[in-house]
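Structure first, commentary second.
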Amino acid sequence: MAAWNSVPLHVSYEVFGWFAFASWSISFYPQVILNFRRKSVVGLNFDFVLLNLTKHSSYLIYNASLYFSSTVHKQYRDKYGQKEMIPVAANDVAFSIHAVLLTAISLFQIAIYDRGSQKISKIAYGILLVTWTTAAVCFFVALHNHHWLWLISIFSGIQVCMTIIKYIPQAVMNFMRKSTEGWSIVNILLDFSGSIANYAQMSMQSIDQHSWVNFYGNIGKLLLSLVSVFFDIIFMCQHYLLYPVKKRKLEASPAHDNAKSSDTLFESV
11 MAAWNSVPLH
21 VSYEVFGWFA
31 FASWSISFYP
41 QVILNFRRKS
51 VVGLNFDFVL
61 LNLTKHSSYL
71 IYNASLYFSS
81 TVHKQYRDKY
91 GQKEMIPVAA
101 NDVAFSIHAV
111 LLTAISLFQI
121 AIYDRGSQKI
131 SKIAYGILLV
141 TWTTAAVCFF
151 VALHNHHWLW
161 LISIFSGIQV
171 CMTIIKYIPQ
181 AVMNFMRKST
191 EGWSIVNILL
201 DFSGSIANYA
211 QMSMQSIDQH
221 SWVNFYGNIG
231 KLLLSLVSVF
241 FDIIFMCQHY
251 LLYPVKKRKL
261 EASPAHDNAK
271 SSDTLFESV
């Protein structure tokens with residue numbers, strides 16, 4: 011059983027981990043609040059929300075299994091070494107549970123609030139069909155061979171793919187509309203902070219253990235941070251540089267400004 015060698019690094023690991031949990035968890039609320047205030051989900055891409063739910067559900071399965079299952083622990087150490095630490099922390103499990111709940115709330119808001127002409131695309135439905143069919147097939151293969159570590163690595167791969175895919179519809183929608191109205195930038199700023207803290211947490215464990223197994227043994231967590239940072243930078247550029255609020259105000263009519271003043275005020279936080 012692996013143990014920490016440095017108390018400061020262990021404390022830093024916990025601090026970064028729970029900071030990431032707080033940042034990522036809070037990041038869901040600005041969009042939910044914005045939807046509630048506007049009684050509208052126009053501007054929020056529905057494909058993003060649906061793919062995001064699949065992503066976080068897969069990540070929850072991975073984190074919970076690797077954190078709680080003694081069988082998975084044994085298979086992990088048989089593969090990477092008996093002295094290696096399990097690369098999933100309590101904050102990872104807590105975040106996944108919270109993320110699934112909040113994403114489900116966003117999906118519920120899509121069902122009850124004004125949607126305009128927006129709808130979930132057939133491509134998104136197709137992606138979900140392929141994803142969960144693949145997961146089901148892999149489950150029965152693992153059930154026969156008891157390769158549970160391999161199975162949860164599949165779910166980790168699913169969450170990485172969903173992380174890459176889910177941001178694209180929203181980025182394209184912002185580009186087509188030349189606006190980020192209806193899409194909370196606070197969500198992105200918090201997501202960016204959480205991703206940096208997540209990467210820092212992994213680094214603390216690797217430095218303490220003098221091993222990089224923590225990274226390639228949990229490649230899903232690493233790619234989650236890197237992909238999120240990449241797209242967060244794109245969204246920040248869209249909001250602050252390409253389609254800034256001040257520019258939209260100048261181009262809008264006075265009547266249009268008055269009608270949407272409360273929305274743009276919240277969005278520009």
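Each residue of the sequence shown is one higher than the one before, starting from 11 at the first, in the numbering used here. Positions of the beta carbon are idealized from the N, C-alpha and C atoms, including for glycine. These numbers come from a predicted model, not from an experiment.
With a 10 Å radius around its C-beta and 16 neighbouring C-beta atoms as the bar for buried, classify Leu275 as buried or exposed. No answer about Leu275 holds up, because its pLDDT of 34 lies below 50 and its placement is not dependable.
What first and last residue would you give for the alpha helix (DSSP H) that runs through Tyr23? Val17 to Ile36
Quick check on the DSSP output: what are the complete alpha helix (DSSP H) runs of length 4 or more inside the region 210-243, in order along the chain? 223-226
Determine the direct distance from the alpha carbon of Ala99 to that of Ile195, and round the result to whole angstroms. 28 Å
Proximal residues to Asp124 (C-beta, below 6 Å), its chain only, five neighbours per side dropped: Ser50
On a CA-only basis, which of Gln180, Val42, Leu252 and Phe245 is nearest Ile122? Give me that one, please. Val42
Report yes or no: do three or more beta-carbon pairs, one from the region 100-111 and one from the region 53-73, lie closer than 8 Å? yes
Roughly how many whole angstroms lie between the Cα atoms of Asn15 and Gln219? 7 Å
Once the 5 residues before and after Asn73 are set aside, which same chain residues still bring their CB inside 6 Å of it? Val98, Asp102, Val103 and Ser106
Whole angstroms is fine: what's the gap from Ala32's alpha carbon to Ser22's? 15 Å
Span of the alpha helix (DSSP H), counted from its first residue to its last, around Arg125: First-last for Arg125: undefined, no H or E at that position.
Could you say which of Asp57, Trp222, Tyr226 and Ser221 lies nearest to Ser116 if we only look at CA atoms? Asp57
Is it right to say Ile133 is buried, meaning 16 or more other beta carbons lie within 10 angstroms of its own, or is it exposed? exposed
Measuring only the C-alpha atoms, how far is Phe225 from Lys231? 8 Å
Of the listed residues Gly227, Leu54 and Ser203, nearest to Leu76 (C-alpha basis): Gly227
In chain order, which continuous runs of the beta strand (DSSP E) of length 3 or greater are located wholly inside the region 159-214? none
CA-CA distance, Pro179 and Lys188? 14 Å
Any idea what DSSP makes of Ser68, helix, strand or coil? helix
DSSP-derived helix/strand/coil call for Ser80: helix
Helix, strand or coil for Ser116, going by three-state DSSP, please let me know. helix
Can you grab the Cα-Cα spacing for the pair Leu159 / Tyr86, in whole Å? 7 Å
Assuming the contact rule is C-beta atoms closer than 8 Å, Leu54 and Gly192 should be a hit. Round their C-beta distance to whole Å, please. 6 Å
Measure the C-alpha to C-alpha separation of Trp142 and Cys148 and round it to an integer number of angstroms. 10 Å
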